[in-house]
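Structure first, commentary second.
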């Protein structure tokens, strides 16, 4: 059993889970929701084992580093964190239908990684040979994953809000009846961002410490650093507006979606299209 095979199994599991969530949303059969989350959990377990195997494979090759060093490995890890955060949300709140709006993010990541990226295990450049790599990447991606979940919930909020404001009063008997109450969606969006924001903050702090270790300076206004700060300010504005100005509802949902769009650009757009210390050289 290789990590590559398990990652392929993971991708297939996330595809099946997403489709089951869609059918669950349309058909309202609880057994489908149970099956969807079970398959998602199975995929998460397979992916966890695969990440561990890839780590071992790097040592077997004489490279010996955590699988977090290139674009392929980071996308795989991002997908893993998304499903992990969603699983924790499901365990606590049991709103299975949210999976229909979160699992597509994980599937897109895994499908792109398996079909479009270089899967090779590569040696670390000297600047990456530090434990700060683990601290920085893990905290950042856990924060990103919480923002992904918040984005999915915000999309649900906007769909339900638009429906509730229309003349379609039969929503409780249709797909809209599967959605959590609109106030619950608003609260879950806020809670997810409350989880992600301190993790992003910790990721920026550990990144600064890592930069000082590797390059002798805590901050150099590298494009990645600049965009990380932009993302931080977007979510700081969200929390400030929520706590002090009472921002809820549509404005909060849209700001959450904008924040995740900025997060994706910070992660992928900057790394792929802008030059800097964070550019991926071997992850194509």
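In the numbering used here, the protein residues as written are 1002 to 1285.
Here a beta-carbon is modelled for each residue, glycine too, at the ideal position from N, C-alpha and C.
Quick one: residues in its chain with C-beta nearer than 8 Å to the C-beta of residue 1113, no 5 flanking neighbours on either side, listed in chain order? Against the chain shown, residue 1113 aligns to sequence position 112. Hits under 8 Å: 1076.
Within 10 Å of its beta-carbon, does residue 1225 have 16 or more other beta-carbons around it, so buried, or fewer, so exposed? Position 224 of the chain shown, counted from the start, is the residue given in the question as residue 1225. By the 10 Å Cβ count, residue 1225 comes out buried.
Grab me the residues of residue 1020's own chain with a C-beta within less than 6 Å of its C-beta, minus the 5 sequence neighbours each way, in chain order. Residue numbering aside, residue 1020 sits at position 19 when the chain shown is read from its first letter. Once the five neighbours on either side are set aside, residue 1020 has no close Cβ partner at all.
Suppose the cutoff is 6 Å on Cβ atoms and the five residues either side in sequence are ignored; what does the same chain contact list for residue 1222 look like? In the chain shown, residue 1222 corresponds to position 221, counting from 1. Same-chain partners within the cutoff: there are none.
Which term fits residue 1104, buried or exposed, when burial requires 16 or more other beta carbons within 10 angstroms of its beta carbon? Indexing the chain shown from 1 puts residue 1104 at position 103. Buried, since its Cβ has 16 or more Cβ neighbours within 10 Å.
Which whole-angstrom value describes the C-beta separation of residue 1088 and residue 1045, a residue pair presumed to lie in contact below a C-beta threshold of 8 Å? To locate residue 1088, count along the chain shown from 1; it is residue 87. To locate residue 1045, count along the chain shown from 1; it is residue 44. Yes, they are in contact, since the Cβ atoms of residue 1088 and residue 1045 sit about 6 Å apart, within 8 Å.
Look at the alpha carbon of residue 1073 and the alpha carbon of residue 1120, and state the distance between them as a whole number of angstroms. Within the chain shown, numbered from 1, the residue matching residue 1073 stands at position 72. Within the chain shown, numbered from 1, the residue matching residue 1120 stands at position 119. In a straight line, the C-alpha of residue 1073 is about 6 Å away from that of residue 1120.
Would you identify the three-state DSSP class for residue 1095, choosing helix, strand or coil? On the chain shown, position 94 is the one that residue 1095 refers to. In this structure, residue 1095 counts as coil in the three-state DSSP scheme.
Drop a sphere of 10 angstroms on the beta-carbon of residue 1143, count the other beta-carbons inside from all chains shown, and report buried for 16 or more, exposed for fewer. As a first step, residue 1143 is located in the chain shown; it is residue number 142 there, counting from the start. Buried, since its Cβ has 16 or more Cβ neighbours within 10 Å.
DSSP state of residue 1188, grouped into three classes? In the chain shown, residue 1188 corresponds to position 187, counting from 1. Residue 1188 falls in the helix class under three-state DSSP.
Cα-Cα separation, residue 1172 to residue 1236: Position 171 of the chain shown holds residue 1172. Position 235 of the chain shown holds residue 1236. Caution applies to residue 1172, whose pLDDT of 48 falls short of 50 and renders its modelled position unreliable; the model cannot decide the point.
Quick check on the DSSP output: the alpha helix (DSSP H) that includes residue 1009 runs from which residue to which? To locate residue 1009, count along the chain shown from 1; it is residue 8. First-last of the alpha helix (DSSP H) with residue 1009: 1004 to 1028.
Collapsed DSSP secondary structure at residue 1056 in the structure displayed: Start at 1 with the first residue of the chain shown, and residue 1056 comes out as number 55. Residue state, collapsed to three classes: helix.
If you draw a straight line from the alpha carbon of residue 1260 to that of residue 1005, how long is it in whole angstroms? Taking the chain shown and counting its residues from 1, one reaches residue 1260 at position 259. Taking the chain shown and counting its residues from 1, one reaches residue 1005 at position 4. Spanning the two alpha carbons is a distance of roughly 32 Å.
Quick check on residue 1165: buried or exposed, where buried means 16 or more other Cβ atoms within 10 Å of its Cβ? In the chain shown, the residue the question calls residue 1165 occupies position 164. Under this definition residue 1165 is an exposed residue.
If I measure Cβ to Cβ from residue 1183 and keep anything under 7 Å in the same chain, skipping five residues before and after, which residues do I get? Counting from one through the chain shown, the residue named residue 1183 turns up at place 182. For residue 1183, where only same-chain residues beyond five positions count, the Cβ hits under 7 Å are 1158, 1161, 1162 and 1165.
Report the residue from 1145, 1123 and 1239 whose alpha carbon sits nearest the alpha carbon of residue 1110. Position 109 of the chain shown, counting from 1, holds the residue named residue 1110. Of 1145, 1123 and 1239, the residue nearest in Cα terms is 1145.
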